[in-house]
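Chains as they are written, first to last, in our numbering: chain A, 1 to 305; chain B, 1001 to 1305; chain C, 2001 to 2305; chain D, 3001 to 3305. Heads up, the beta-carbon is just placed ideally off N, CA and C, and yes, glycines get one too.
Protein chains: 4
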Amino acid sequence: MTIREIRQPGDHPYVFGRYHAPIAHITPGEVVALYTEDAFEGKITGPETLPSQVLGKYLNPQTGPLYIEGAEPGDTLAVEILAIEPTRDWAVSTLIPYFGGLTSTTLTRTLQDPLPERVWIYRRQPDGMWAYGDRFAVSARPFMGTIGTAPDLEALSALTPHMHGGNMDVPDVCAGNIVHLPVNVPGALFSTGDCHVAQGEGEACGVALEISGKITLRFAVLKQTPILWPRILSPQEIMTVGSARPLEDAARIALGEMVDWLTKSYRYDRWDAYQLVSQTAKLSVANLVDTYYTVVAKIDRRYSD
Amino acid sequence: MTIREIRQPGDHPYVFGRYHAPIAHITPGEVVALYTEDAFEGKITGPETLPSQVLGKYLNPQTGPLYIEGAEPGDTLAVEILAIEPTRDWAVSTLIPYFGGLTSTTLTRTLQDPLPERVWIYRRQPDGMWAYGDRFAVSARPFMGTIGTAPDLEALSALTPHMHGGNMDVPDVCAGNIVHLPVNVPGALFSTGDCHVAQGEGEACGVALEISGKITLRFAVLKQTPILWPRILSPQEIMTVGSARPLEDAARIALGEMVDWLTKSYRYDRWDAYQLVSQTAKLSVANLVDTYYTVVAKIDRRYSD
Amino acid sequence: MTIREIRQPGDHPYVFGRYHAPIAHITPGEVVALYTEDAFEGKITGPETLPSQVLGKYLNPQTGPLYIEGAEPGDTLAVEILAIEPTRDWAVSTLIPYFGGLTSTTLTRTLQDPLPERVWIYRRQPDGMWAYGDRFAVSARPFMGTIGTAPDLEALSALTPHMHGGNMDVPDVCAGNIVHLPVNVPGALFSTGDCHVAQGEGEACGVALEISGKITLRFAVLKQTPILWPRILSPQEIMTVGSARPLEDAARIALGEMVDWLTKSYRYDRWDAYQLVSQTAKLSVANLVDTYYTVVAKIDRRYSD
Amino acid sequence: MTIREIRQPGDHPYVFGRYHAPIAHITPGEVVALYTEDAFEGKITGPETLPSQVLGKYLNPQTGPLYIEGAEPGDTLAVEILAIEPTRDWAVSTLIPYFGGLTSTTLTRTLQDPLPERVWIYRRQPDGMWAYGDRFAVSARPFMGTIGTAPDLEALSALTPHMHGGNMDVPDVCAGNIVHLPVNVPGALFSTGDCHVAQGEGEACGVALEISGKITLRFAVLKQTPILWPRILSPQEIMTVGSARPLEDAARIALGEMVDWLTKSYRYDRWDAYQLVSQTAKLSVANLVDTYYTVVAKIDRRYSD
């Protein structure tokens, strides 16, 4: 099988929205491979390239939007992730002034000085680990930091996770899983980017192991099955994703969506579903650094199959 | 070896504080077994015993306090959990009006009606699972919902998790793990209770599989090694626990404590520690229902050993 | 003087953004009067028109955008409000399901039922008060709930207050005051709407005394004096406005902006400015119901003049 | 009339709780004057006494507790404030490391350095203003930062505002007003302290114009009229006070309490009360620096009388 490869023609968008023209039309079932830039559009290459000196105003360039044939508002777009491959052998993380989880920020504002700027370069090792010099190495578990459709009315920054998906920074957006996204406009207008070789839960400093990537996908359109928020299916679990501030609101959304999902699709009584979620859910923080924070709730498939 | 068994003589305290006299003096290294009541002091026994009708004003009776010989302010109390055994074959969960994560509460207040009251009785099955009728069954993973020392000045409700431990509802407070708690008063004044057969992360409805239990412990006193917040060590991971509102503040505490721990005990550079946590931590919600919410950060022991 | 009157030609936009073409070009110094629809575009007219039955998907129709000649990114747009006049003698408030400050919402989610839908019609009295039947009457203090410029990249819902202004619901956006807004795109692309006859601080139920209005304005462009967030000047006070979640982050922004303003424009030492704000600021909640919450900090002009 | 004067015999308590013996028994109707220390127990006297060097572990020494004859759980204690007089001619404010609203703190934790320590000494001027050198002067409006009763079970730090009152930092706790507090234990066990000559709303830096004071009071016991949270009555307004985190939860409590008060005491329909609050309330931040944040809702007495 020849896989259709898609590279961004011209500038990458830095928003999810209906106001950008699609770069390609995709048929459901077709396998496509998208090439994505890293979050910094490749501008940070070593300790000497300080973020404040080389970065422009926007982060997270997207590849897209893609127009998915047949997708209409009220449908769900199912995105099957077949593979995510880093396209270089080094990744970069940084401390960016007033950005991250353990610093004050432009939204959680204080009068304190920023943390120092730092750049970490990780290199792929023969054993598959990614090492920061001889200090430590982390396992590769590549995933897409941003993935989403166009909101119906708004154009939202590629730094924002919300009902349309976007910058969720959920490590489960990885190969082998299926991501469900709401379709808000004709063609869904799908985009993705911000490939991470690895990232801890919470993405504490705000920057993962950033890398350029190639993501291989297959789309399906679930007609007239609207969802409010993104969902993820892995072979072991079903997952719901909520993004909001404060963090407890993100958790409430993820939990509430799971109760609704169990009730509507798996025929649990509403209160039994709440009970099941209370006793068996996993509930992890995906990010506490983006414009909205993201929480993922997970239920074992033994309860949904 | 004969294990010393401790039952509460008289009333159970419903606070962590220095104002209750110790019920026993314990020597470090001694193995003791404590018997604990369930969170409702056994008053909810079936669907007909509605929480609003049978519960008193307080929840989470504690067994304790225990005076640990040699523990002084500035020390750390290390609590090795050797075993946690339910002492009956049924557990109970409920919906309590205006309590839980997917309802408004006395602190997150709305004008809406409460959710309906419900009681779920789970029974131990021959295969070790705990079943709610024929609807669903959950795996047993018993742990203590509350565990802590006395604050130096305050007396804090047994519903509150904070720097002293308390009602953290962290599933990793289980057999095989070691819990580190700050010592704030002479003798530490340790208490525990609120045994759970199982609980999902977040404890969404606010009530786990509540049960009476027997917990077998061994204490050690780490002299002059003060800690600010509780920590947990498992064979695979080191963990920090933060409890605060909003939930992001709990996460910040857990992450900040982990950075400090890695820096002070494992000789990482401060910013490398922040980086390591950013790329490898797990960050899960223990509860979003108590008077403070609790988050746990975990790092693989490959990075600390 | 003849005042140029501007009515929306065609559909009202429901976003602030650069993607809508301007409806008029305005010269700084020119006096213009804009006609605005109420937040419901006039669809709720009495107790029988329940919000859930008559409202469409969007609220807060805007009049605009206006292209202000000479305004460029990095400038500040000063909007002098000369008059705000209701254009009818009745106003409407409602309870909308899952919207407001004392109910769970789509973002602060619970499993509870919504509050009942209600409609209140207020009528202008001969004494100038606005009365709800014979129950109670409130004083008129008309102001614009939404006022803002276009963000540089995003298109943000007219329900959202943020750095560009938008749905701040600040009662001080009233006649006699001057609103400063950042200019992010050429021409600023100013819009306004959501006229309120009156509103309490916090806008507790999410809906004020909604009315159609006529607002008379004069614009000035302050060249190369960038601001981050909206500011308001009254004859008695200078004010800063922050919009974020949680509410403390909105307060931090408003306070931090005030410290910066005092430092940069009024030559206070940074820490003296912090001290002055600590001892003399007023700090009130404008709304705790919109997609971001809004807080206003105020300092008496005795300290700035 | 001779007014009974009460000075603390021995150490001042740093908690509100039932575990301290009363220092005096007071008859309702009796006028008493209490002498209070400043928040630092007088230890900060000039720019050279840096907080980190001279302060002990605890802040906000209380004068009390007072046993109010006849007060029993379920009653309300009405505290009429007849006068508040500073007992010296200088007041002090400071920046304390990791404390305040525009810095990270022990609970809102970052890896940033603290703000610099600073001390401001204000001196009373002949015109009644309090001046910081020749930089600026503020008007005196003395009030008590802490005022409260004992919780029924807990002993809460004098830095904490909650249902019992405590460290609310509400400027309306001033002469001429009446404060209503819940009675949770026999005798109420009333304490007060932390006199402020002046303070801005929000108490941004965490420290007001701290001073020692003399407060003249008269108590009344409202039998069998339980309240959940503190209330304040001024000649112009009725007020409710909520303390919680995040700040929106404090606002929800204050607003919800006001709706309940209007419904129960002033016979409004529940939804009309919500509407009235929505259109006429003032909603200001008292503090966003204490262990819980405090918000005050105010309604004009025209609506309650």
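Top-ranked residue by Cα proximity to I2084 of chain C, from C:K2214, C:D2011, C:P2161 and C:Y2132:
For the residues C:K2214, C:D2011, C:P2161 and C:Y2132, the minimum Cα distance to I2084 of chain C belongs to C:K2214.
Between R1109 of chain B and chain D, is the shortest Cβ-Cβ distance under 8 Å, so that the two count as touching?
True, the Cβ-Cβ gap to chain D drops below 8 Å.
CA nearest to the CA of G206 of chain A, picked from A:G101, A:W120 and A:K223:
Nearest C-alpha to G206 of chain A: A:G101.
If we ignore side chains and look at the alpha-carbon of each, how far apart do N1287 of chain B and F1016 of chain B end up?
Whole-angstrom Cα-Cα distance: 19 Å.
DSSP on I1253 of chain B, reduced to helix/strand/coil?
Reduced to three states, the DSSP call for I1253 of chain B is helix.
Cβ distance (whole Å) where H12 of chain A is taken to contact Y67 of chain A below 8 Å
With 8 Å as the limit, H12 of chain A and Y67 of chain A do not qualify as a contact, their Cβ atoms being about 17 Å apart.
Could you compute how far the alpha carbon of N2177 of chain C sits from the alpha carbon of E2237 of chain C?
The alpha-carbon atoms of N2177 of chain C and E2237 of chain C are separated by roughly 10 Å.
Which residues of chain C have a Cβ atom closer than 8 Å to the Cβ of V259 of chain A, listed in chain order?
The answer, in chain order, is L2111.
Interface residues of the stretch 233-267 of chain A facing chain D [CB-CB below 8 Å]:
With the criterion set as a beta carbon lying under 8 Å from some beta carbon of chain D, the members of the stretch 233-267 of chain A are P246, in sequence order.
So within the stretch 1005-1053 of chain B, which uninterrupted beta strand (DSSP E) runs reach at least 3 residues, ignoring any that extend past its ends?
Within the stretch 1005-1053 of chain B, the complete beta strand (DSSP E) runs of at least 3 residues are 1024-1026 and 1031-1036.
Test: Y14 of chain A CB closer than 8 Å to a CB of chain C:
By this cut-off, Y14 of chain A is an interface position.
Is there at least one Cβ from chain B nearer than 8 Å to V173 of chain A's Cβ?
Interface criterion not met: the Cβ of V173 of chain A is under 8 Å from no Cβ in chain B.
How long is the line joining the alpha carbons of T3106 of chain D and R88 of chain A, rounded to whole angstroms?
So the two alpha carbons sit approximately 41 Å from each other.
Does the beta carbon of S3243 of chain D fall short of 7 Å from some heavy atom of the ligand FMN?
Only the bare structure without any ligand can be found here, which leaves the ligand FMN out of the picture.
Judging by CA-CA distance, which residue of B:R1118, B:Y1266, B:V1221 and B:F1136 is the nearest neighbour of R1124 of chain B?
With distances taken between Cα atoms, R1124 of chain B lies closest to B:F1136.
Checking the sheet assignment: what are the DSSP bridge partners for H1196 of chain B?
Within the DSSP bridge table, the entry for H1196 of chain B names B:F1143 and B:E1210 as partners.
Measuring CB atoms only, is the stretch 2250-2262 of chain C touching the stretch 2114-2131 of chain C, in the sense that at least three cross pairs come out at less than 8 Å?
With a cut-off of 8 Å, the stretch 2114-2131 of chain C and the stretch 2250-2262 of chain C do not count as touching, because too few Cβ pairs lie within range.
Since I believe Y3293 of chain D is in contact with S3243 of chain D (beta carbons under 8 Å), could you give me their beta-carbon distance rounded to a whole number of angstroms?
In this structure S3243 of chain D is in contact with Y3293 of chain D, their Cβ atoms being roughly 7 Å apart against a cut-off of 8 Å.
Along chain A, in chain order, which residues have C-beta atoms closer than 7 Å to that of F1136 of chain B?
At a beta-carbon threshold of 7 Å, the residues of chain A lying near F1136 of chain B are L276 and Y303, ordered along the chain.
Boundaries of the alpha helix (DSSP H) in which D2272 of chain C is found, first to last residue
Note, D2272 of chain C: alpha helix (DSSP H), R2270 to T2280.
Between the CA atoms of P1061 of chain B and I3121 of chain D - distance to the nearest angstrom
Whole-angstrom Cα-Cα distance: 49 Å.
Based on DSSP bridge pairs, tell me the residues matched to E80 of chain A.
Answer is A:I178 and A:R218.
Do the CB positions of E48 of chain A and S212 of chain A come within less than 8 Å of each other?
No, they are not a contact pair.
Which full runs of the beta strand (DSSP E) of 3+ residues lie inside the stretch 1095-1176 of chain B, going along the chain?
Here the runs fully enclosed are 1118-1124, 1130-1132, 1136-1138 and 1143-1148.
Here's the rule: buried if 16 or more other CB atoms are within 10 angstroms of the residue's CB, otherwise exposed. What is V54 of chain A?
Label assigned to V54 of chain A: exposed.
Around the Cβ of T2094 of chain C, are there at least 16 other Cβ atoms within 10 angstroms (buried) or fewer (exposed)?
With a threshold of 16 other beta carbon atoms within 10 Å, T2094 of chain C meets it and is buried.
Partners in chain B for R3157 of chain D, counting only beta-carbon separations shorter than 8 Å:
Checking the sequence shown, residue 3157 of chain D turns out to be Ser, not Arg. Per Cβ cutoff of 8 Å: L1153 and E1154.
Can you name the start and end residues of the beta strand (DSSP E) that I2068 of chain C belongs to?
That run of the beta strand (DSSP E) goes Q2062 to I2068.
Flag this pair as touching only if the stretch 181-196 of chain A and the stretch 1258-1271 of chain B have three or more C-beta atom pairs under 8 Å; answer yes or no.
Three or more beta-carbon pairs separated by less than 8 Å are not found between the stretch 181-196 of chain A and the stretch 1258-1271 of chain B, which leaves the two stretches without contact.
Helix, strand or coil for E1072 of chain B? Go by DSSP, reduced to three states.
Residue state, collapsed to three classes: coil.
Output the distance between the C-alpha atoms of G2148 of chain C and C174 of chain A, rounded to the nearest integer angstrom.
Cα to Cα, the separation comes out at about 40 Å.
Would you report the Cα separation of Q2112 of chain C and S2104 of chain C, rounded to the nearest angstrom?
Rounded to the nearest whole angstrom, the CA to CA distance from Q2112 of chain C to S2104 of chain C is 8 Å.
Given T2002 of chain C as reference, the closest of C:E2030, C:R2018 and C:N2167 once Cα atoms are compared:
Closest option to T2002 of chain C, judged by alpha-carbon separation, among C:E2030, C:R2018 and C:N2167: C:E2030.
Give every residue of the same chain whose Cβ lies closer than 7 Å to the Cβ of P3028 of chain D, excluding the five residues on either side of it in the sequence, and list them in chain order.
If we look at P3028 of chain D and ignore the five residues flanking it on each side, its Cβ neighbours are I3068, E3069, G3070, F3219, A3220 and V3221.
Could you give the DSSP three-state label for W2090 of chain C: helix, strand or coil?
Reduced to three states, the DSSP call for W2090 of chain C is strand.
Determine the contact status of L3283 of chain D and V2285 of chain C, defining contact as a CB-CB distance below 8 Å.
Closer than 8 Å, so yes.
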